[in-house]
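> With the numbering used here, letter number 103 in the sequence shown gets 103, and the count goes up by one each step, no holes. Beta carbons: idealized from backbone N, C-alpha and C, even for Gly. Source: prediction; values computed, not measured.
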Amino acid sequence: QVEVVESGGGLAQSGGSLTLSCTVSGNIGSIGSVNIMGWFRQGTGTRRVMVALAASRGGTTLADSVKGRFTISRDNTTIILRMSNLKPEDTDIYYCQLGWGTETRWGQGTRVTVSS
């Protein structure tokens, strides 16, 4: 059994910073060497959208809306999303995702709220 567990998030003021962390736990050996971890966001009544992705063999992708403000980094089992210059429109629930082969795991979500 493989799970991903998120931490971080919370409340920040506009222009502030927050860091989200996600760690893989469980039968880590079952995860292929080729995998991808990422962060998605979802609001009430909206679809889940990609914020940032990081592949196990290198390479990252950031949504246009966060380029220049967010950075993503990872090692084998942890992915970190550093969010700076936060805006009220960044407010949402953020979900960590791990994907490998035909498998996908989602975290439980962590709320980010940015006040103006």
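Excluding the 5 residues flanking THR91 on each side, which residues of the same chain have their C-beta closer than 7 Å to its C-beta?
Counted from its first residue, the sequence shown places residue 91 at position 91. Excluding positions up to five away in sequence, the list reads VAL112, THR113 and VAL114.
> Given that a residue counts as buried once 16 or more other Cβ atoms are within 10 Å of its Cβ, and exposed if not, what is ALA59?
Looking up residue 59 in the sequence shown gives position 59. Sequence inspection shows Gly at residue 59; the Ala mentioned does not correspond to that position. Counting Cβ neighbours within 10 Å, GLY59 comes out exposed, since fewer than 16 surround it.
> Measure the alpha-carbon distance for LEU98 versus ALA52 and round it to whole angstroms.
Here the question's residue 98 lines up with position 98 in the sequence shown. Here the question's residue 52 lines up with position 52 in the sequence shown. Spanning the two alpha carbons is a distance of roughly 12 Å.
> With a threshold of 16 other CB atoms inside 10 Å of the CB of LEU86, please say whether the residue is buried or exposed.
Along the sequence shown, one-based indexing puts residue 86 at 86. So LEU86 ends up on the buried side.
> GLU3 and ARG82 - do their beta-carbons sit closer together than 8 Å?
Stepping through the sequence shown from its first residue, residue 82 is reached at position 82. Stepping through the sequence shown from its first residue, residue 3 is reached at position 3. No, these two residues do not count as a Cβ contact at 8 Å.
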